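Chemist: Have a look at this one before I ask anything.
In full-length UniProt numbering, the protein residues as written are 1 to 319.
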């Protein structure tokens, strides 16, 4: 496949709720448009951030279709317990015109079996042969895709063009050293907000999928731009990217924990987006301590950024 859609920065969209805690697809489309207008290259829907385990297959497909019909470039997650469901989502993605697939491992049933995962991946890739796909590697799914499996799958499925790594610094290094550097047509996407600099500079990533970027799109895009420039050997860009990485570290680290959706929805509420106030489960909420800490760190970062971003130079060039 000649066109690599997995470049740039893509926000992982969360699913907003109506008062009855059903999906608000009008608000979802509005958010998707907002992200593209901000400069994101595409939107990702129904990865972990989209709460895919809490939605029905019909709801997930409706969300995807609504985003595509709005003219947005959409990458969809194929997470499922049952391979048949994952295949249905992949086939639907091709039918409605999604630009990419994020192939998520089989979970719970035989999730640790390489043979089961190989068959799971193959079924998804075969169901949407015309849609570029990346494998999503995450410790939360309980299975690490190693180089031998990826290479074997790519040999058989030309639509498999890359790897999204959520495992952190060491796993990004493994992916770069053993998987994505084998072929310039194979891409690496940074999948965790804390490792954007490391992914671009040390691992040759071509793009990132961001959680914090849903609340701070300008800042997430700037970090990616500075990191890309640093990857070309630009000394000032390297220094500024590391400064921004350190300043946004706490907010980015919410991406690594089980409450990531709770934290990032709360940041959107702080931005004035009340449609993200509710969660699908009534008991899913931050504690008072978590909420206060989140707000303190958000205020601190925004105060720092307002001062730091005035310094010009490569910051202004990349903004």
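C-beta: ideal position from N, C-alpha, C; glycine also. Since this is a predicted model, take the numbers as computed values, not measurements.
Provide the residue(s) that pair with residue 17 in DSSP beta bridges, ordered along the chain.
Modeler: 23, per the DSSP bridge assignment.
Chemist: Checking 8 angstroms against the spacing of the C-beta atoms, do residue 97 and residue 70 come in under that value?
Modeler: No. Outside cutoff.
Chemist: Please state the DSSP three-state secondary structure of residue 11.
Modeler: Looking at residue 11 - three-state DSSP - the assignment turns out to be strand.
Chemist: Quick one: which unbroken beta strand (DSSP E) runs of 3-plus residues sit fully inside the segment 198–283? Chain order, please.
Modeler: List check, beta strand (DSSP E) in window: 207–210.
Chemist: By a C-beta neighbour count over all protein chains shown, 10 Å radius and 16 as the cutoff for buried, is residue 58 buried or exposed?
Modeler: Exposed, since its Cβ has fewer than 16 Cβ neighbours within 10 Å.
Chemist: Which stretch, first to last residue, makes up the beta strand (DSSP E) that contains residue 83?
Modeler: Unbroken run through residue 83 is the alpha helix (DSSP H), 83–96; no beta strand (DSSP E).
Chemist: Could you give the residue range of the beta strand (DSSP E) that holds residue 165?
Modeler: 160–165 is the span of the beta strand (DSSP E), which, as asked, contains residue 165.
Chemist: With a 10 Å radius around its C-beta and 16 neighbouring C-beta atoms as the bar for buried, classify residue 26 as buried or exposed.
Modeler: It counts as exposed.
Chemist: Are the segment 34–49 and the segment 94–112 touching, with three or more C-beta to C-beta distances below 8 angstroms?
Modeler: Yes, the segment 34–49 touches the segment 94–112.
Chemist: Only counting the same chain, and skipping five residues up and downstream in sequence, which positions put a Cβ closer than 8 angstroms to that of residue 249?
Modeler: Once the five neighbours on either side are set aside, the close Cβ partners of residue 249 are 194.
Chemist: Taking the straight line between their C-alpha atoms, what separation do you get for residue 84 and residue 54?
Modeler: C-alpha separation (whole angstroms): 17 angstroms.
Chemist: What did DSSP end up calling residue 55 once you bin it into helix, strand or coil?
Modeler: Coil at residue 55, not helix or strand.
Chemist: Of all Cβ atoms in chain B, is any one closer than 8 angstroms to the Cβ of residue 121?
Modeler: Going by chain labels, chain B is absent from the structure shown, which holds only one protein chain.
Chemist: Measuring straight from C-alpha to C-alpha, what distance separates residue 157 and residue 119?
Modeler: Their Cα atoms are separated by approximately 12 angstroms.
Chemist: What does the alpha-carbon distance come out to for the pair residue 300 and residue 51?
Modeler: Each residue's Cα considered, the two are about 28 angstroms apart.
Chemist: Among residues of its own chain, excluding the 5 on either side of residue 2, which ones have a beta-carbon nearer than 7 angstroms to its beta-carbon?
Modeler: Interpretation of residue 2 is limited by its pLDDT of 40, a score under 50 that renders its predicted location unreliable; the figure taken from the coordinates is listed afterwards. Cβ within range, chain order: n/a, list empty.
Chemist: Give the secondary structure of residue 150 by DSSP, where H, G and I count as helix, E and B as strand, and everything else as coil.
Modeler: Looking at residue 150 - three-state DSSP - the assignment turns out to be helix.
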